[in-house]
Amino acid sequence: MAKPKLGLYWAASCGGCEIAVLDIHEKILDVAAAFDIVFWPVALDFKYSDVRAMEDKSIDLCLFNGSIRNSENAEIAHMMRAKSKVLVAFGSCALEGGIPGLANLTTKDAIWNYVYKESPSTVTKNGGTYPQTHSMMPEGSIDIPEMWETVKSLDQVVDVDYYVPGCPPQPEQIWGVIEYILSGKPLPAKGAVLGATDKTCCDECLRERKEKKLKKFFRPFEIQTDPNECLLDQGIVCMGPATRSGCGALCTKANVPCRGCYGPPPNVTDQGAKMVSALSSIIDAQDPQEIESILDQIVDPMGTFYRFSLAHSILRRVEKS
Amino acid sequence: MVTINIDGKSVEVLEETTILKAAEQAGVWIPTMCHSEHLEPYGVCRLCSVEVVRGKRSRIVTACNFPVRGGMTIHTNSKKVQWLRQVIMELMLSRWPRVRVVKEMAERLAVKEPRFPSLERDEAEDACILCGMCVNMCNDVVKAGVLGFAHSGIKREVVLPFDERSDSCIVCGACAHVCPTGHIKVILEDYRGKKPEFTLGPKTPIYVPTLQAVPRVPVIDAESCIHFETGGCEICAKVCEPNAIDYSMQDEIVEIEVGQVLVSTGFDLFDASAMAQYGYGRLDNVYSSLEFESILNSTGPTGGKIVMKSGKEPKAVGIIHCIGSRDTNHHAYCSRVCCMYALKFAHLVRDRTDAAIYQFYIDMRAFGKGYEEFYNRLLDEGVTMIRGKAAEVVEGCWQGNGEPSLKIRCEDTLIGKFREVPVDMVVLCNAIEPRRDSDAVRRLFSISKSPDGFFLERHPKLDPTSTATEGVFIAGCAQGPKDIPDTVAQAGSAAARILSVIAKGEVEIEPVRAMVQEEYCSGCKICNNLCPYIAIEFLEEKKVSHVNEALCKGCGTCVAACPSSAMTGHGFTDAQILAELDGLMI
Amino acid sequence: MAFEPKIIGFLCNWCSYTGADLAGVSRIKSAPNVRIIRTMCSGRVDPAFILKAFQLGADGVIVMGCHLGDCHYQEGNYKTIRRLPFLRRLVKGFGIDPRRLRLEWVSASEGDKFALLVNEMTEEIRSLGPLKLSVHHEIQQPVAHH
Ligand code: SF4
Ligand code: SF4
Ligand code: SF4
Ligand code: SF4
Ligand code: FES
Ligand code: FES
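Same order as they appear, the protein sequences are chains A, B and C.
With our numbering, the residue at position 229 of the first sequence is 217, and numbering never jumps.
Heads up: take any position in the second sequence, counting from 1, add 153, and you land on our numbering.
Heads up: take any position in the third sequence, counting from 1, add 16, and you land on our numbering.
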């Protein structure tokens, strides 16, 4: 029997997910042995045209990481969808927009203006030059992909079969997923989240937690935290309670609050709103002014509560004013 | 016990009894002037002097403080005693010729003109006879130690310290009470903020709350009782034969666990001084309905007599309906009971006086069983009904004799004329309003109020006695103005509702409850502090939270708070609400 | 066609919903623009519902509960006075005028206040104009992952 075909792709992301695949260490050899890798631009020299030439549904498994930020990301997403039997949104960017999704807090114009004109390290001539999607060169015309206004998750562009969360997904979870697929067991229902569990980060967190009542929020650098006590109990905004478990509560083990990279747990659609609801429930104040001053202690609520999930939240992006 | 002989009668008395008491027991009268059974004998007037014979010796002693000895022979009316009394009485009479108690005693002892001239002729009817009862009362019984004697001989007098009003005086009035001549007076200006003649509350520190009280036993008002002020008095304890008085009793807060509560906290009477035009609190003889009710009461301040402040019977009485009711400036609603009690007032005034009676009404609302008939009867009794809300009450005077009166101005809408009606007394039919503490009570039981401020029933027609809070029922004027039959009916129905739950032995609760889906709960402990009913417990062994469904009332606060949406609320799940939202946005 | 604001009202069962009912029973006229969702307590109103309402095309959201101290569940609305201001920060963060989100206390006896607030809110939103969000044009709704 021919080996199953595997494709990997990297759209708008930092590349950490690709590294994470390599972080399964020697098991990568098992992957190479088990699969026939037909597409992996970062590691192997395949061309888009090679894949385009393949028959639809001829790739058995595609691990697609990165959010959809420009026309090229979208084009490849469509292509991989067509060619793959199973398309997996791999990592938080593909799943929920991830860090690139934070671009939805502002506009494309604002970003370009800063990057190509106003940033202190930009040397501008004639008031700055913006990249053009289409330019004429003596040799002929050149087209580059068009950057979108709004960053999207993979499932906002194409139909996705499974999701593997994490920024990046944890190697042992990745191996778990691959192992499962290789085992030949019947595949889980479409839309399932793999490499994670149904509870939240707190479930895996080893810190001792109490019934909560908060009068003050701290930023992590402002206090010396007790390594054994729940960070939230100590006044640090930890996204753990509203974040799907699977990472092993990694950050909290390193004395940093969970940032929420595994995305919302199963029944939650909006990680930010849910966290706001939970936190406001445990704030210990009844006076409107005191409440406002406590809320003021949370600097950058949008970035804190939607760090990874903005593009996949209910409202998805900030409206241009 | 010892046996003695008084005026030839042999009596057996307790040892150490005074001669006076022994004589009383023997049925022999000894005149006294400075003795009170509530005070230690003082022996100052000497009027009780008697002759004691023992063997051959005889002596004169004062009966009020001389203890008997076995075998004593006492003469209370011997020549010697008679002579002595004559002299004492003449001396007293020469000094206090006009004092009633002195004159009466002199008369009784057949003393006519005193033979002594007086240096100081005190002609007042209520002069101090220096019996010292007030001083002893104040010092020994009340223990306030305010009154005392100054000087001696003819200059002796009862004084206040430094002749000034004393801060130690607790204004108990015991001195005035005990003063035999009425020389000491307590002038009551104000009794706990109420005009003295209309205190509906107790008039003495120890009192029976109402004649209908259950149990009908007296209680002591520690605020006004002398004993609690000075540690003295205890007269009630001395006179109470079964020894039922216990000053050491304390207020007790008794906690009783109950499953259901009937809130029937009643109402407050609208304060008519808020409507200055009717002169309440400003003009004499303008009364609120409740004050008038107490005038009518046979145990009330006037003993049930309808009299004005002057003590005279009024020539005309005006009864003004709807004070604060049916008035958008105060209460828009009808108080429902005023028309009928106004008719009752009219009937009783007609019964007890010859006064003309005027009723000023907007509409007559005689809606109940037998009420219309009563109204017709009143019309036959000759009560003048004036349709029109009285505009104001002013001072006026009677035509003819010019005696002062009150005048009610109104528009008589039946004849279309402005009228001024002279009356002596005005009775206002004050609105029934929610009690001033009703908001606090409401919050205590988590019940709502209707726009008029009365407690809100679950349904005005189908469920008029229950409230939005399970197990809390309402009845009577707390729910809205109503008369006695309606109150009794509503309270009876509420009681039946309560009993039916008790009889069933179990309660049905709404299925709207929160529940933890354990497979999603990570035990973050966000929810554990939130529940007002402490329904959410944390299961340590499973490391998940759990809702006690019997305690949960289904508010959904924890459901909204649970960051993993492990908590879900039956009846109001996220999916249900979102589906509703979806439907509404079409 | 003139702009008719769509407003979603989240009303607690015991005070505000009864108050709204009273407005109806008392025949008090009010704008028909507020579409009501009943919850047992204002404390049940999950901020996500409000964002969802905006996503689905509401031009405004008004949450009504019992007056402070009057909550049928004693303190549910104390959660609400923290949730709404907190959420308002996110709403502002999303570029939505915070006037489009209101929190008001309406007791069971305040039918008139309910009508007044509804009219007030409707006029306010009318003057703010329709809420236009880019998410309205997106094809898919975000779905929970299973
Ligand atoms: S530190 Fe964070 S992840 Fe750990 S228990 Fe506390 S809230 Fe949960
Ligand atoms: S603790 Fe939170 S932010 Fe850190 S890796 Fe895990 S899910 Fe991501
Ligand atoms: S808030 Fe939710 S996840 Fe946290 S302990 Fe309670 S039920 Fe469990
Ligand atoms: S729904 Fe309300 S009453 Fe029930 S457990 Fe949650 S907080 Fe308590
Ligand atoms: S009564 Fe005995 S001395 Fe006055
Ligand atoms: S029940 Fe109305 S706000 Fe809680």
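Using N, Cα and C, we set each Cβ at its ideal position, and we do this for glycine too.
All values derive from a computational prediction rather than experimental measurement.
Consider the C-beta atom of Y89(C) and the heavy atoms of ligand 6; say whether any pair is separated by less than 7 Å. Correct: Y89(C) has its Cβ closer than 7 Å to ligand 6.
Anything in the region 669 to 690 of chain B with a Cβ closer than 9 Å to a Cβ of chain A? List those residues in chain order, please. Of all residues in the region 669 to 690 of chain B, only Q670, E672, Y673, C674, S675, G676, C677, K678, I679, C680, N681, N682, L683 place a beta-carbon less than 9 Å from a beta-carbon of chain A.
Roughly how many angstroms lie between the CA atoms of I359(B) and P194(B), to the nearest whole one? Looking at the two C-alpha atoms, the distance is approximately 26 Å.
Continuous alpha helix (DSSP H) stretch holding H330(B): start and end: Counted as a single uninterrupted DSSP element, the alpha helix (DSSP H) harbouring H330(B) occupies residues 327 to 331.
Please tell me whether, using a cut-off of 7 Å, the distance from the CB of M720(B) to the nearest non-hydrogen atom of ligand 3 is below it. Yes.
Tell whether a beta-carbon distance below 8 Å holds between C492(B) and A519(B). Contact flag set, yes.
Across which residues does DSSP place T721(B) in a beta bridge pair? Beta-bridge pairing links T721(B) to M668(B).
Taking only beta-carbon atoms, is K308(A) less than 8 Å away from chain C? Chain C, which has a Cβ nearer than 8 Å to the Cβ of K308(A), makes this yes.
In DSSP terms, what G128(A) is bridged to: DSSP lists M125(A) as the bridge partner or partners of G128(A).
So, P119(A) versus E60(A), is the Cβ gap smaller than 8 Å? It is not a contact, given that the beta carbons lie outside the stated cut-off.
Alpha carbons only, please: which of G335(B), I307(B), N292(B), G306(B) is nearest the one belonging to C322(B)? Cα-wise, what sits closest to C322(B) is N292(B).
Per-residue burial, P84(A) [other beta carbons within 10 Å of its own, 16 or more giving buried]: Pro is not the amino acid found at residue 84(A); the sequence shown has Glu there. With 16 or more Cβ atoms within 10 Å of its Cβ, E84(A) is classed as buried.
At least one CB of chain C closer than 8 Å to the CB of P276(A): is that the case? The Cβ of P276(A) sits closer than 8 Å to at least one Cβ of chain C.
Apart from the five residues on each side of it in sequence, which residues of its chain come closer than 6 Å, Cβ to Cβ, to G179(A)? Taken in chain order, the list of residues that qualify is empty.
Mind reading off the beta-carbon distance from R195(A) to E210(A)? Whole number of angstroms is fine, and I expect it under 8 Å. Contact doesn't hold; Cβ gap of about 18 Å is too wide.
Hey, does M263(A) have any beta-carbon neighbour from chain B nearer than 8 Å? Closer than 8 Å: yes.
Can you check which of these residues, I270(A), W(-2)(A), D131(A), S171(A), is closest to P(-8)(A) by C-alpha distance? Residue S171(A) is the option with its Cα nearest to P(-8)(A).
Going along chain A, which residues have a C-beta under 7 Å from A713(B)? Residues of chain A passing the Cβ test: S265.
Quick one: is the Cβ of C28(C) within less than 7 Å of any heavy atom of ligand 4? Distance from the C-beta of C28(C) to the nearest heavy atom of ligand 4 is not below 7 Å.
Using a C-beta cutoff of 8 Å, does K347(B) count as contacting chain C? Confidence in K347(B) is poor, its pLDDT being 49 and thus under 50, which makes the residue's placement unreliable; the coordinate value appears in the next sentence. K347(B) does not count as touching chain C.
Three-state class that DSSP yields for F691(B) in the structure shown: F691(B): strand per DSSP, three-state reduction.
Using beta-carbon positions only, say whether T506(B) and R540(B) come within less than 8 Å of one another. Judged by their CB atoms, T506(B) and R540(B) are not nearer to each other than the 8 Å cut-off.
Is the beta carbon of F65(C) sitting closer than 8 Å to the one on L415(B)? 8 Å or more divides the Cβ of F65(C) from the Cβ of L415(B).
Assuming the contact rule is C-beta atoms closer than 8 Å, F296(A) and S80(A) should be a hit. Round their C-beta distance to whole Å, please. Their Cβ separation, rounded to whole angstroms, is 5 Å, which keeps F296(A) and S80(A) in contact under 8 Å.
Give a yes or no on whether the minimum CB-CB distance between T710(B) and chain C is below 8 Å. Closer than 8 Å to some Cβ of chain C, the Cβ of T710(B) qualifies, so yes.
What's the C-alpha gap between G335(B) and I307(B)? Rounded to the nearest whole angstrom, the C-alpha separation of G335(B) and I307(B) is 21 Å.
Any heavy atom of ligand 4 closer than 7 Å to the beta-carbon of Q49(A)? A small correction: the amino acid at residue 49(A) is Leu; Gln does not occupy that position in the sequence shown. It does not: the Cβ of L49(A) is nowhere closer than 7 Å to a heavy atom of ligand 4.
Inter-residue spacing [alpha-carbon to alpha-carbon] between N230(B) and E177(B): Cα atoms of N230(B) and E177(B): separation of roughly 14 Å, rounded to the nearest angstrom.
For A36(C), the first and last residue of its enclosing beta strand (DSSP E): First-last for A36(C): 32 to 41, but that is the alpha helix (DSSP H), not the beta strand (DSSP E).
Buried or exposed: G234(A), going by 16 or more other Cβ atoms within 10 Å of its Cβ? That one is buried.
Of the listed residues A299(A), D284(A), H300(A), V165(A), nearest to L103(C) (C-alpha basis): For the set A299(A), D284(A), H300(A), V165(A), the Cα lying nearest the Cα of L103(C) is the one of D284(A).
Output needed for K204(A): all residues of its chain with C-beta closer than 6 Å, excluding positions within five of it in sequence on either side, in chain order. G223, listed in sequence order.
Is S718(B) close to chain A, meaning its C-beta is less than 8 Å from at least one C-beta of that chain? Yes, S718(B) lies at the interface with chain A (some Cβ there is under 8 Å from its Cβ).
Can you tell me whether R530(B) is buried or exposed, with buried defined as 16 or more other CB within 10 angstroms of its CB? Residue environment for R530(B): exposed (fewer than 16 other C-beta atoms within 10 angstroms of its C-beta).
D24(A) - partner residues in DSSP beta bridges: In DSSP, D24(A) forms a bridge with K(-7)(A).
In three-state DSSP terms, what is F206(A)? Correct three-state label for F206(A): strand.
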